[in-house]
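Visitor: Structure provided below as structure tokens; questions to follow.
In our numbering, the protein residues as written are 623 to 1149.
Put into structure tokens, the structure is as follows:
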């Protein structure tokens, strides 16, 4: 990284203000105001010769000025050297977000611009808001670019695989504990999805949100909701629609109304909800929210494996999706019959038990059955996918019967939420280093079980070596360069196949003769 342009905070501020001008984040009359805000954030007093409107000139005059990541890195490193912050990632993130907040348009300006564009088309409005999230560094594209992504072909279609390098893993039991947390702990904001995050400076255990902008929406006949983007962008235009109120996740009839209302207003986006129970829900169960975006997931591409019909709903096309999990798909020309039938299915599922396949509706009054719903438009049709979920645990499966089992935890042990359900694996960052080490171990002819960093992958590696004998210890010494180079691809392929198994293990009705008969029994029970 060339830093010859940077001799102190004045240069960094000038470069950042020039960037903001070029991206349309601020106007010329904002230059001095924004610069002074940055000086305050950096706790720096410049000399009297620093004139912001003049200082930005040399950066505006060139077409190849420093990139945003470089500008921020220089300012942060300088702040560390001067003792303004420590060198930890949390402190750096708090400060660079504060700096970008100095050049991010105020919420009222963004709402006005969004609504003006919405009158033209929904696409124009979301294009504007998403670009703002990128330009303001709310979405740190230089971090997202480090994620490893590929697709794996399976009998269910091409699954998307991501090794996530921009967000830490979360433990399912910790998530459940957070849901039950009570007492005097009442932080502000109450969670990372609360409306009050907009403009919040953050703290070491809560991210800064000076650059987030929320767009007010009306759903389900007038309820106030907000549209924002996810800073992690697991897929194109990954958005979050959050409730005005800090209330727990709840799947009911109104959920279907809201989802379909949203895709009616924004037909180029899909929107789904995590389930409302621990283990089968997402990482945040304490604040009602949905996730959507401009992306066609593998599940949306999957065809029906079986047609269904429901008496009284002749105007709804229904079927079971050819997917590793248990999914009922409903299509209709209007939302109303979809809502009625989806509610009927949900009501039936909430109280349904079939001990022959391990499905119990409740244990000692604690409910187990719920649904992960996804709404989208398909041409003129409205579509709902209803993914049947059950969160029972046993001594044999303490994290969940319909959850990744122990033998797959070396790849994925976290909750299988909405995004994974639709066919996009969000895998932990630890896998990147482990796969690099495993490659070395295999090519050296070593036993993974004897190498602590990859011992958890030993049984899986044995299966791989049986499938690809050229990598077996007795053959690897004479392996060709082409095969050695191909090993990374082999490991990626096999990770993808494990993810397909993960989804299969989450199916309440397995894709077997017994599972299909059990699925048919549930369908027949819907009254």
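For glycine and all other residues, C-beta sits at the position ideal for the given N, C-alpha and C.
What span of residues does the beta strand (DSSP E) with residue 862 cover, start to end?
Guide: Counting along the chain, the beta strand (DSSP E) containing residue 862 begins and ends at 861-865.
Visitor: May I ask you to report which of helix, strand or coil DSSP gives residue 838?
Guide: Residue state, collapsed to three classes: strand.
Visitor: What does the alpha-carbon distance come out to for the pair residue 573 and residue 862?
Guide: Since the first residue of the chain shown is 623 and the last is 1149, residue 573 is not available in this structure.
Visitor: For the segment 996-1004 against the segment 1085-1105, are there 3 or more C-beta pairs whose distance is under 8 Å?
Guide: Contact between the segment 996-1004 and the segment 1085-1105 is absent, because fewer than three Cβ pairs lie under 8 Å.
Visitor: Helix or strand or just coil, what does DSSP make of residue 705?
Guide: Here residue 705 sits in coil by DSSP.
Visitor: Can the beta-carbon of residue 713 be found closer than 8 Å to that of residue 970?
Guide: Not a contact, by the Cβ cut-off of 8 Å.
Visitor: Report the rounded CA-to-CA distance for residue 1050 versus residue 683, giving the unit in angstroms.
Guide: Cα-Cα distance, rounded: 43 Å.
Visitor: Whole beta strand (DSSP E) runs in the segment 989-1048 with 3 or more residues, listed along the chain?
Guide: Here the runs fully enclosed are 991-1000, 1003-1012.
Visitor: Check whether the segment 1129-1145 touches the segment 972-983, counting contact only when three or more Cβ pairs, one atom from each stretch, lie closer than 8 Å.
Guide: The segment 1129-1145, when compared against the segment 972-983, does touch it at the 8 Å Cβ threshold.
Visitor: Straight-line CA distance for residue 959 to residue 1007?
Guide: If you take the alpha carbons of residue 959 and residue 1007, they lie about 14 Å apart.
Visitor: Have a look at residue 657 and residue 724 and give me their C-alpha separation to the nearest angstrom.
Guide: Roughly 8 Å between the two C-alpha positions.
Visitor: Quick check: the Cα distance between residue 1124 and residue 700, rounded to an integer number of angstroms?
Guide: The alpha-carbon atoms of residue 1124 and residue 700 are separated by roughly 46 Å.
Visitor: Jot down the residue ranges of each uninterrupted alpha helix (DSSP H) in the segment 623-650, minimum 4 residues, whole runs only, in chain order.
Guide: Segments of the alpha helix (DSSP H) lying fully in the segment 623-650: 631-644.
Visitor: Does residue 848 come out as helix, strand or coil in the three-state DSSP assignment?
Guide: Strand at residue 848.
Visitor: Quick one: is residue 830 buried, meaning 16 or more other Cβ sit within 10 Å of its Cβ, or exposed?
Guide: By the neighbour-count rule (16 or more Cβ atoms within 10 Å), residue 830 is buried.
Visitor: With distances taken Cα to Cα, identify the nearest neighbour of residue 846 among 873, 911, 722, 1003.
Guide: Of 873, 911, 722, 1003, the residue nearest in Cα terms is 911.
Visitor: Taking C-beta to C-beta, are residue 1060 and residue 1083 nearer than 8 Å?
Guide: Yes, the pair counts as a contact, with Cβ atoms nearer than the cut-off.
Visitor: Have a look at 984, 647, 1134 and flag the residue whose alpha-carbon is nearest the alpha-carbon of residue 726.
Guide: If we check each option's Cα against that of residue 726, 647 comes out closest.
Visitor: With a Cβ-Cβ cutoff of 8 Å, do residue 909 and residue 868 count as a contact?
Guide: In contact: residue 909 and residue 868 (Cβ atoms closer than 8 Å).
Visitor: Secondary structure at residue 1143, three-state DSSP: helix, strand or coil?
Guide: Helix, per DSSP.
Visitor: Give the list of continuous beta strand (DSSP E) stretches no shorter than 3 residues that lie fully inside the segment 749-791.
Guide: Counting whole runs of 3 or more residues, the segment 749-791 contains the beta strand (DSSP E) stretches 770-776, 779-785.
Visitor: Please go through the same chain and pick out, in chain order, the residues whose beta-carbon is closer than 8 Å to the beta-carbon of residue 746, but skip the five residues on each side of it.
Guide: The answer, listed in chain order, is 739, 740.
Visitor: Of all the alpha helix (DSSP H) runs that stay within the bounds of the segment 1072-1121, which reach a length of 4 or more residues?
Guide: Those alpha helix (DSSP H) runs which fall completely within the segment 1072-1121 and span 4+ residues are 1080-1089, 1095-1098.
Visitor: Could you tell me how far apart the beta carbons of residue 898 and residue 872 are, in whole angstroms, since I believe they sit closer than 8 Å?
Guide: Contact flag correct, Cβ pair sits at about 5 Å.
Visitor: What is the rounded straight-line gap between the Cα of residue 991 and the Cα of residue 632?
Guide: If you take the alpha carbons of residue 991 and residue 632, they lie about 59 Å apart.
Visitor: Report all residues from its chain with a CB closer than 6 Å to the CB of residue 722; omit the five preceding and five following residues, and keep chain order.
Guide: Closer than 6 Å at Cβ, skipping near neighbours: 758, 759, 833.
Visitor: Taking Cβ positions, are residue 836 and residue 815 nearer each other than 8 Å?
Guide: For residue 836 and residue 815, no; Cβs fall outside 8 Å.
Visitor: Express the C-alpha separation of residue 1057 and residue 1073 in angstroms, rounding to a whole number.
Guide: In a straight line, the C-alpha of residue 1073 is about 13 Å away from that of residue 1057.
Visitor: Should residue 611 go down as buried or exposed, given a rule of 16 or more other Cβ atoms within 10 Å for buried?
Guide: Since the first and last residues shown for the chain are 623 and 1149, residue 611 lies out of range.
Visitor: Considering only the alpha carbon of each residue, which of 855, 1010, 993 lies closest to residue 753?
Guide: Considering only alpha carbons, the answer is 855.
Visitor: Can you give me the Cβ contacts of residue 803 inside the same chain, cut-off strictly under 7 Å, excluding the 5 residues immediately before and after it?
Guide: Summary for residue 803: the model assigns pLDDT 48, below 50, so the residue's position carries little reliability; its value from the coordinates is reported in the next sentence. Same-chain partners within the cutoff: there are none.
Visitor: How would you call residue 809, buried or exposed, if buried means at least 16 neighbouring beta carbons within 10 angstroms?
Guide: The residue in question, residue 809, is exposed, as its Cβ has fewer than 16 Cβ neighbours within 10 Å.
Visitor: Residue ranges of each alpha helix (DSSP H) run of no fewer than 4 residues wholly in the segment 864-936, ordered along the chain?
Guide: List check, alpha helix (DSSP H) in window: 875-887, 920-923.
Visitor: Which of the three DSSP states, helix, strand or coil, is assigned to residue 1052?
Guide: Residue 1052: helix per DSSP, three-state reduction.
Visitor: So residue 677 is in the alpha helix (DSSP H); what residue range does that whole segment cover?
Guide: 674-677 is the span of the alpha helix (DSSP H), which, as asked, contains residue 677.
Visitor: What did DSSP end up calling residue 1132 once you bin it into helix, strand or coil?
Guide: If DSSP states are grouped into helix, strand and coil, residue 1132 belongs with coil.
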